[in-house]
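**Q** Numbering (this note's numbering), first residue to last: 645 to 972.
Pasting a structure here, questions to come.
Structure, rendered in structure tokens:
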């Protein structure tokens, strides 16, 4: 690999963050057993937060963001991987406290790396961290014993990265999927991904401790008041897999849904899932849990990243956005 290569770098300076594409040295990549020639990364909400002063995500400066990546091993000191292996990595400290996927090369610990067998690098990043989070959510619903016969499953923030893949995966498993979105232009797009019904954003003006039974389960990508509304309307024994906070960090609810209906609030933390479980779920994503639609909404290069990160923070994106790492 070259001694220097292109990278998108975020550098914090007091209350501002300077973002630029510049050359980065191999020796400054940080610790790790495996060097990967990155083919694709993706754009996630967390990536946007890592590049703004008030995001409270980045732990080092300067930082190469990018919480996921896929490519080919070029060097390895680990017995698990050899040059030429097709792999992906995401989660843990990647793109937060350890230089991430927005560069032509990355060095990571071997126990962050997942072999790519039946998925290409592009397909893997079309799924990416967002799709993996959706897969974790679906698996938690299945582990709870919720079947398609139990009733509809709600997905909030359905036009976003996690939500759209969640709709696809749930529909592929036979569930009746109700997609909630404020984006009226996304209705046909969501139906193509398997949504059987599309509703507007949830009404959060008057949330009762216990509302009408509506959902056997839910994948919530928003948090805040929408999550409280879901909890009050889950059926007996229902579960909501919660992974987002775009609607707020605070959760105003009561114990009523938990002690009178036995519902479960399952937090989905894809960043810290143990590597064995991570590899097993990626194997499912290449097999029985493979999305029916593996299409990115957009594909950008490093020089377009700054505008794209701003767009995802402003909720001006839809679906999955890939970052293509060009190599001359």
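We put the CB at the ideal spot given by N, CA and C, even for glycine.
1) Taking only runs of the beta strand (DSSP E) that begin and end inside the region 761–837, which ones reach a length of at least 3 residues, in chain order?
2) From residue 700 to residue 949, what does the alpha carbon distance come to, in whole angstroms?
3) Could you tell me the boundaries of the beta strand (DSSP E) in which residue 586 lies?
4) Might you give, ordered along the chain, the residues of its own chain that have their beta carbon closer than 7 Å to the beta carbon of residue 906, omitting 5 neighbours on each side?
5) Starting from residue 894 and walking both ways along the beta strand (DSSP E), at which residues does that stretch end?
6) For residue 853 versus residue 890, is the C-beta spacing smaller than 9 Å?
7) Starting from residue 759, trace the beta strand (DSSP E) in both directions and tell me its first and last residue.
8) Going by alpha carbons, who is nearest to residue 941 out of 912, 876, 923, 830?
9) Taking all protein chains shown into account, do 16 or more other C-beta atoms lie within 10 angstroms of the C-beta of residue 893, making it buried, or fewer, making it exposed?
10) For residue 960, tell me which candidate among 732, 673, 805, 740 has the shortest Cα-Cα distance.
11) Grouping DSSP H, G and I as helix and E and B as strand, with all else coil, what is residue 684?
12) Whole angstroms are fine: how far does the CA of residue 916 sit from the CA of residue 706?
13) Any idea if residue 974 is buried or exposed, counting beta-carbon neighbours within 10 angstroms, 16 or more meaning buried?
14) Apart from the five residues just before and just after residue 856, which ones in its own chain have a Cβ nearer than 7 Å to its Cβ?
15) Can you give me the start and stop residues for the beta strand (DSSP E) that residue 919 sits inside?
16) Sort 764, 667, 828, 730 by Cα distance to residue 708 and report the nearest one.
17) Measuring only the C-alpha atoms, how far is residue 639 from residue 969?
18) Got a sec? Which residues, its chain only, sit under 7 Å from residue 669 by beta carbon, not counting five neighbours each side?
19) If you pair each beta-carbon of the region 753–761 with each one of the region 814–821, do three or more pairs fall below 8 Å?
20) Look at residue 656 and residue 697 and say whether their C-beta atoms are less than 9 Å apart.
21) DSSP three-state label for residue 950, please.
22) Can you pull the DSSP bridge partners for residue 942?
23) Might you give, ordered along the chain, the residues of its own chain that have their beta carbon closer than 6 Å to the beta carbon of residue 816, omitting 5 neighbours on each side?
24) Here's a check: name, in chain order, each residue in its chain whose Cβ is nearer than 7 Å to the Cβ of residue 724, leaving out the five neighbours to either side.
25) Would you tell me roughly how many angstroms separate the C-alpha atoms of residue 726 and residue 680, rounded to the nearest one?
26) Distance check for residue 839 and residue 677, CA to CA, integer angstroms please.
27) Under three-state DSSP, which class holds residue 876?
28) Is residue 924 buried or exposed, if buried means 16 or more other CB atoms sit within 10 Å of its CB?
29) Using the C-alpha atoms, what's the distance from residue 812 back to residue 908?
30) So the candidates are 836, 795, 781; which of them puts its Cα closest to the Cα of residue 860?
31) Rounded to whole angstroms, what is the Cα-Cα separation between residue 953 and residue 771?
**A** Put simply:
1) 797–799, 821–824
2) 19 Å
3) Nothing can be reported for residue 586: it is not among the residues displayed for the chain, which extend from 645 to 972.
4) 880, 881
5) Unbroken run through residue 894: none, as it is neither H nor E.
6) no
7) 757–759 is the span of the beta strand (DSSP E), which, as asked, contains residue 759.
8) Among 912, 876, 923, 830, the Cα nearest to that of residue 941 is on 830.
9) By the Cβ neighbour-count rule, residue 893 is exposed, with fewer than 16 other Cβ atoms within 10 Å of its own.
10) 805
11) Strand.
12) 23 Å
13) The structure shown does not extend to residue 974, since the chain spans only 645 to 972, so no value can be given for it.
14) 877
15) Element bounds for residue 919: not the beta strand (DSSP E) but the alpha helix (DSSP H), 919–929.
16) 667
17) A query on residue 639 cannot be resolved here, the shown segment of the chain reaching from 645 to 972 and no further.
18) 647, 648
19) Proximity of the region 753–761 to the region 814–821 falls short of the contact definition, fewer than three beta-carbon pairs being nearer than 8 Å.
20) Result yes, Cβ atoms of residue 656 and residue 697 sit closer than 9 Å.
21) helix
22) Paired residue(s): 965.
23) 936
24) 754.
25) 11 Å
26) 42 Å
27) helix
28) Counting Cβ neighbours within 10 Å, residue 924 comes out exposed, since fewer than 16 surround it.
29) 23 Å
30) 795
31) If you take the alpha carbons of residue 953 and residue 771, they lie about 18 Å apart.
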